[in-house]
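*Asks:* Count along the sequence shown starting at 1, add 1327, and that's the number in the numbering used here. Glycine included, every Cβ here is placed at the ideal spot set by N, Cα and C. Remember, it's a predicted structure, so these values are computed and weren't measured experimentally.
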Amino acid sequence: MTMTATAGHAHADPHHIGVVIEHPGPAPKRIVTAYGFWIFLLSDIVMFSCFFAAYAVLAGQTAGGPKGSEIFEPGNVAIETVCLLLSSFTCGMASIAADTRNRFWFYLGMTVTCVLGLVFLTIEFREFADLVARGYGPSRSAFLTAFFSLVGCHGLHVSAGVLWLLTMMAQVFAKGFRADILRRMTCFALFWHALDIIWVAVFSVVYLLGSGA
């Protein structure tokens, strides 16, 4: 009876000699940082969801102005889509190169990603400028207001992503693949891939459905 009580007490007391209590340590800082950035991305996606909802409600409110099928250029939209999808691949290649500390493939992947992002932005800027020049600016109708707001917001995010990309390249050039820089690279990759996913939604909802309206 005494031995049983002693054994029970030993297991109940975590400080008892001979009892090993395993406490899981904190997650690696890179995982914690990525998790926190995912929360930010979710809040950003909520914002885009509001823009999508507004566009869905206002898509038919043309006020006598042009409909989507009258102003969208499928060829340009297809090029934009290919550029962003390819940039997602090259960004992933750069991320893998960063993990393996391979400077050549890192810079190659980031450079191609940057070029593709700039091509996307150039086409989008020309599309907006052409619409405004034809009198189809965001104030022309509720439909165009929703269109410029949704697509323009995504374009601003891509612009911010390109600036972030250039900053990452400069940091790796100056400081190498330090742990804190690799964490930032992880966050950048998540951000860029999220923009690609959002663009697929924009392409489907705005351009595909709008062209057939």
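1) Ser1422: which of Leu1411, Ala1487, Gln1498 and Tyr1434 sits nearest, CA to CA?
2) From Val1485 to Ala1390, what does the alpha carbon distance come to, in whole angstroms?
3) Hey, could you find the ends of the alpha helix (DSSP H) Asn1403 is sitting in?
4) Would you give the residue range spanned by the alpha helix (DSSP H) that Ser1486 belongs to?
5) Does DSSP put Lys1356 in a helix, a strand or coil?
6) Which whole-angstrom value describes the C-beta separation of Val1478 and Val1404, a residue pair presumed to lie in contact below a C-beta threshold of 8 Å?
7) For Ile1525, count the other beta carbons within 10 Å of its own beta carbon; 16 or more makes it buried, fewer makes it exposed. Which is it?
8) Just how far apart, CA to CA, sit Cys1377 and Ser1370?
9) Hey, Ser1568 and Gly1392 are a contact pair by Cβ (cut 8 Å); roughly how many whole angstroms apart?
10) If we call anything under 8 Å between Cβ atoms a contact, is Arg1428 one with Phe1515?
11) For Trp1519, I'd like the list of residues in its chain whose CB is within less than 8 Å of its CB, leaving aside the five on either flank, ordered along the chain.
12) Can you tell me which of Gly1363, Phe1375, Phe1364 and Tyr1362 puts its alpha carbon nearest to the alpha carbon of Cys1480?
13) Express the C-alpha separation of Glu1454 and Tyr1463 in angstroms, rounding to a whole number.
14) For a quick check, are the C-beta atoms of Phe1470 and Gln1388 less than 8 Å apart?
15) Helix, strand or coil: which one does DSSP assign to Tyr1463?
*Replies:* Here's the rundown:
1) Here residue 1422 is taken as the residue at index 95 of the sequence shown, counted from 1. Closest by alpha carbon: Tyr1434.
2) Looking up residue 1485 in the sequence shown gives position 158. Looking up residue 1390 in the sequence shown gives position 63. When rounded, the separation of the alpha-carbon atoms in Val1485 and Ala1390 is 30 Å.
3) Reading the sequence shown from its first residue, position 76 is the one you call residue 1403. Note, Asn1403: alpha helix (DSSP H), Pro1401 to Asp1426.
4) Here residue 1486 refers to the residue found at position 159 when the sequence shown is read from its first residue. Run containing Ser1486: Ala1469 to Lys1502, per the alpha helix (DSSP H) assignment.
5) Position 29 of the sequence shown, counting from 1, holds the residue named residue 1356. Reduced to three states, the DSSP call for Lys1356 is helix.
6) Position 151 of the sequence shown, counting from 1, holds the residue named residue 1478. Position 77 of the sequence shown, counting from 1, holds the residue named residue 1404. Val1478 to Val1404, Cβ: 10 Å. No contact.
7) Counting from one through the sequence shown, the residue named residue 1525 turns up at place 198. Residue environment analysis places Ile1525 among the buried positions, since at least 16 neighbouring C-beta atoms fall within 10 angstroms of its C-beta.
8) Position 50 of the sequence shown, counting from 1, holds the residue named residue 1377. Position 43 of the sequence shown, counting from 1, holds the residue named residue 1370. The straight-line gap from Cα to Cα measures roughly 11 Å.
9) Any answer about residue 1568 is impossible in this case: the structure gives the chain only from 1328 up to 1540.
10) Start at 1 with the first residue of the sequence shown, and residue 1428 comes out as number 101. Start at 1 with the first residue of the sequence shown, and residue 1515 comes out as number 188. No, the pair does not count as a contact, with Cβ atoms beyond the cut-off.
11) Taking the sequence shown and counting its residues from 1, the one referred to as residue 1519 is at position 192. Excluding residues within five positions, the ones whose Cβ falls inside 8 Å are Ser1414, Ser1415, Cys1418, Thr1440, Gly1488 and Leu1492.
12) Residue 1480 sits at position 153 when you count from the first residue of the sequence shown. Cys1480 has its Cα closest to that of Phe1375, out of Gly1363, Phe1375, Phe1364 and Tyr1362.
13) Your numbering for residue 1463 matches position 136 in the sequence shown. Your numbering for residue 1454 matches position 127 in the sequence shown. If you take the alpha carbons of Tyr1463 and Glu1454, they lie about 11 Å apart.
14) Along the sequence shown, read from residue 1 onward, the residue named residue 1470 stands at position 143. Along the sequence shown, read from residue 1 onward, the residue named residue 1388 stands at position 61. Yes, these two residues count as a Cβ contact at 8 Å.
15) Stepping through the sequence shown from its first residue, residue 1463 is reached at position 136. Annotated three-state conformation of Tyr1463 is coil, per DSSP.
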